[in-house]
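Numbers given in the numbering used here equal positions in the sequence shown, counted from 1, plus 190. Every residue, glycine too, gets a C-beta built ideally from N, C-alpha and C. None of these values were measured; they are calculated from a predicted model. Worksheet: the structure to be examined is printed underneath.
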Amino acid sequence: MGIIVQKFGGTSVADADKIRRAARRVIQTADKGYGVVVVASARGKQTDQLVADALELNPNPPKREMDQLLSTGEQQTVSLFAMALDAMGRAAISFTGSQIRMMTDSMYTKARIQSIEADRIHKQLDQGKIVIVAGFQGIDEHENITTLGRGGSDTTAVAIAAALGADECEIYTDVDGIYTADPRIFKNAAKMDQISYDEMLEMASLGAGVMHPRSIEFGKKYDVKIHVRSSSEDKEGTRIIHEVPQMEGVVVSGATIQRDLAKIGLIGVENVPGNAAKVFAHMARAKVVVNDIVQTEISPEKANLSFMIGISDLIDAKKAIEEIKAELKCDGVFVREDIAEVSVVGVGMRSHYGVAETMFGALAQAKVNIDSITTSEIRISCAVDEDQADKALEAVCLAFDLDKPARLRRK
Ligand code: ADP
Ligand code: ASP
Ligand code: MG
């Protein structure tokens, strides 16, 4: 028997009608002879509501308690989903993350999956049941509940598909596939039929919220076929695969905006061996994930050091910096929260020149000032004022013809 994992995001299970619609989709697949494992998210904006409830009581809630709370959203959905299937005459059983031993590390609010006990799921499938698993959550070795980071149900789904050796992992969501840019921001974005794991991983890491970045890492590593598609319409979505035949001349495949960032700058750090190591050792101890590190020597004695972090880590990061500020003998610390990063991504960049010029030219024409620039082999990112980010994305998309399907692009 083949197995298909079907993941339904928050909007796709927001109310009873939507749960019923999702359940019908599951039954259709089961009727084709597949074992179906459903992974479900919290309904609608429930996770946002739980975050707000927590912050009302404590502006810096203990992360363990946060995970304990946030995991309840998906736990409600899965039992409701099982009840809907039961009402349609289907045998179904729901599980929380801990019930299927979704083991993670102890990095509360951004835990990483270590292993899954596939046996319990297999047993239920063998008995002809539809299995529904709560997304986004796991447990650590001490039985504490953990969550995988916002949007993490995608990762639950792909990891389960990998553990079960599923034929495919379908991600049902409120868009009908992956677009060249977030269609909510750039209205004329073009839908892609397929995208490579490498490009999608880069786009997801740079803010394309349609997929959780870790899910793409799992997909690539364990060869999981991923199909991102609409939960409201029955049509082909976007397939994430290893290699997309590179179309001649396609340089940039997509563009993204990342918000929820903060930039920390350390001005005039003493320019001696070991200072950068101290800063990032402290960040690691505080469990802060750091990106886009830039260090520049400003004199033989002094250097400036800046880096980006997720805004949710800002309190921990500031505390860590306070602890070592004196030791670094730095002149000052600045923090920018009103910042966003606009990026272009494309494996075609490896073999083309002029991409940076086009991007910076488009931003200049749109009168968007660039705060800082970072690049990798397949991306260019510019930090800009947050309130200019939408305008910047649109300018960049138009400059790279991202309103057109790949075969019609000039660049
Ligand atoms: P779900 O609750 O189903 O997981 P998400 O809100 O996490 O849904 O992801 C779907 C949303 O991702 C879309 O509504 C869209 O606004 C956003 N998005 C961001 N970038 C892209 C992109 N490149 N292509 C498609 N959707 C994108
Ligand atoms: N419910 C979680 C969130 O809103 C996980 C998910 O939807 O993937 O982030
Ligand atoms: Mg999501």
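- Its chain contains Gly192, Ile193, Ile194, Tyr224 and Lys415 as the residues whose beta carbon lies nearer than 8 Å to that of Asp357, once the 5 sequence neighbours on both sides are disregarded; these appear in chain order.
- Straight-line spacing of the CA atoms in Thr336 and Ile563 works out to 34 Å.
- Relative to the ligand ADP, the beta carbon of Gly551 is positioned no closer than 8 Å to any heavy atom.
- DSSP places Arg404 in the helix class (H, G or I) of the three-state scheme.
- Counting only beta-carbon distances shorter than 6 Å to the non-hydrogen atoms of the ligand MG, the qualifying residues in chain order are Gly199, Gly341 and Asp344.
- Residue ranges of uninterrupted alpha helix (DSSP H) with 4 or more members, entirely inside the stretch 193-239 and ordered along the chain, are 206-221.
- Within the stretch 332-400, the complete beta strand (DSSP E) runs of at least 3 residues fall at 335-337, 358-363 and 384-386.
- For a cut-off of 8 Å, the C-beta gap from Thr237 to Gly263 is around 5 Å, short enough to register as a contact.
- The three-state reading of DSSP puts Ser571 in strand, counting E and B together.
- Annotated as distal: Thr294 and Ile283, with beta-carbon spacing of 9 Å or more.
- When Leu456, Ala474, Gln289 and Pro403 are compared, the shortest CA-CA separation from Leu495 is found for Leu456.
- In this model, Arg597 and Ser443 are separated by some 11 Å (Cα to Cα).
- Taking each of Lys377, Val440, Lys508 and Ala530 in turn and checking the Cα distance to Ile568, the smallest one comes out for Val440.
- A direct Cα-Cα distance of roughly 28 Å separates Val229 from Ala445.
- When rounded, the separation of the alpha-carbon atoms in Lys509 and Gly279 is 55 Å.
- Here Arg254 carries a helix assignment [DSSP, helix/strand/coil].
- Counting only runs that start and end inside the stretch 261-340, the alpha helix (DSSP H) elements of at least 4 residues fall at 308-316.
- In its chain, beyond the 5 residues on either side, Pro403, Ile406, Glu407 and Lys410 have a beta carbon closer than 8 Å to the beta carbon of Leu391.
- For Ser562, the beta-bridge partners assigned by DSSP are Ala573.
- Residue environment: Tyr543 is assigned as exposed (fewer than 16 neighbouring CB atoms within 10 Å of its CB, all protein chains considered).
- The beta carbons of Ile447 and Ala579 sit about 5 Å from each other, so the pair counts as a contact at 8 Å.
- DSSP places Gly444 inside the beta strand (DSSP E), whose first and last residues are Gly444 to Glu460.
- The DSSP-derived three-state label of Ser421 is coil.
- DSSP links Glu531 through a beta bridge to Gln448 and Ala573.
- DSSP places Asp482 inside the beta strand (DSSP E), whose first and last residues are Val480 to Glu487.
- With a cut-off of 8 Å, the C-beta of Tyr387 is classified as distant from the ligand ADP, since no heavy atom of the ligand falls inside that distance.
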